[in-house]
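With full-length UniProt numbering, letter number 139 in the sequence shown gets 139, and the count goes up by one each step, no holes. Note that beta-carbon positions come from the ideal geometry of N, C-alpha and C, so glycine has one too. Since the structure comes first, as structure tokens, the remarks are kept for the end.
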Amino acid sequence: MSDSNKIVIYAALLGNLAIALVKFIAAYITNSSAMFSEAVHSVVDTLNEILLLYGLRKSQQAADYKHPFGYGRELYFWAFIVSLMVFALGAVVSIYQGVQHIRQPETTLSPELNYLILGFALLCEGTSWFVALKSFKKDKGEMGYFEAFRRSKDPTTFTVLFEDSAALIGLCIALLGIYLSHALNMPILDGVASLLIGVVLAISALLLGRETKGLLLGETADPQLRQNALTIAQNDPAVLSANGVLTEQMGAHQVIASLSLEFKDNLTSDDIELCVNRLESEIKRIHPEIVALFIKPQTQQVWSERMKGRLEL
């Protein structure tokens, strides 16, 4: 577990815990549906951070005979559970509250207290968001934000960033809904705000679920890792052709790889064994996240025939 990941999650956890408490108090005092939805949102986010921390810890377990490639996918499993919780506990409850308040509007009391609490929440969520954004920008390098999100193999940072982004949007909706319901004397707008918060949470949950599902099922590793492995193999004097490589991401920092190589004809079995050892040492030196590397000797033609439909053009 990297220090930056822990900082991001702990910052979000502490912020959401404090925010949830004051939001529930404000919702109880002011009778605001939008504020109650925001309180539920903060509770869900707090539980999510706890699950991510648990998933991070479990994913660091050493490999054993039951899981010879490690426990890296524990993190992906719990990140997927997080997306389900955002939808089930966050979006559904908020939409339900919104519909109830639209059907039976109730006047919001003490809107000034809501403004104060929402301002405090914006400050806390904004701080957590900047911490997550800083970590995400560091990891994404030259890639665009959406491309980095799609290609990321570590769900901790982008999950917190998504949660905090949804939280900031939700807070702005709640603030606007409470203000308009009071200024226009239309209590129904408070319910509309709660409904919109639920929609924001649902969209966030679906995006997170889609990405973490792909990681859980197994995605190919970063293209740069694949290219580096092929380049190293092709440059070895014993290799005639580096045909291709298959990889699978087993965790945030765990990859298995299988290289297809055609060796030169004049090599002995000892020469091939030395070559395999060289390649394994060099590739793992550059990419220590590779927990297992398999090398299969075969011709380019055989590789191409067996990989039809399984590789990017």
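In the DSSP annotation of this structure, the continuous segment of the beta strand (DSSP E) that includes A292 starts and ends at I290 to P297. Cβ neighbours of V43 within its own chain (closer than 7 Å, five residues either side excluded): A20. Counting the other Cβ atoms within 10 Å of the Cβ of D64 gives fewer than 16, which makes it exposed.
When secondary structure is reduced to three states using DSSP, E262 falls in the strand class. As a beta-bridge residue in DSSP terms, V239 pairs with F263.
For G244, the pairing in a beta bridge is given by DSSP as S260. With contact defined as three or more Cβ pairs closer than 8 Å, the stretch 21–32 and the stretch 49–56 are not in contact. With respect to A233, L259 sits close: the two C-beta atoms are nearer than 8 Å. Contact between G191 and H101 holds, since their C-beta atoms are separated by about 3 Å, short of 8 Å. By the beta-carbon neighbour count (other beta carbons within 10 angstroms, threshold 16), D45 is buried. Taking 8 Å as the upper bound for CB-CB distance, N228 and I286 are in contact here, some 6 Å apart. Annotation: G251 to Q298 spans about 29 Å, alpha carbon to alpha carbon. Between the alpha carbons of T127 and Q61 lies a gap of roughly 31 Å. For Q224, the closest of S152, V22 and F36 by C-alpha to C-alpha distance is S152. Under the three-state reduction of DSSP, Q254 is assigned to strand.
Here the C-alpha atom of Q254 lies approximately 23 Å from the C-alpha atom of N243. It is roughly 27 Å from the alpha-carbon of T157 to the alpha-carbon of S194.
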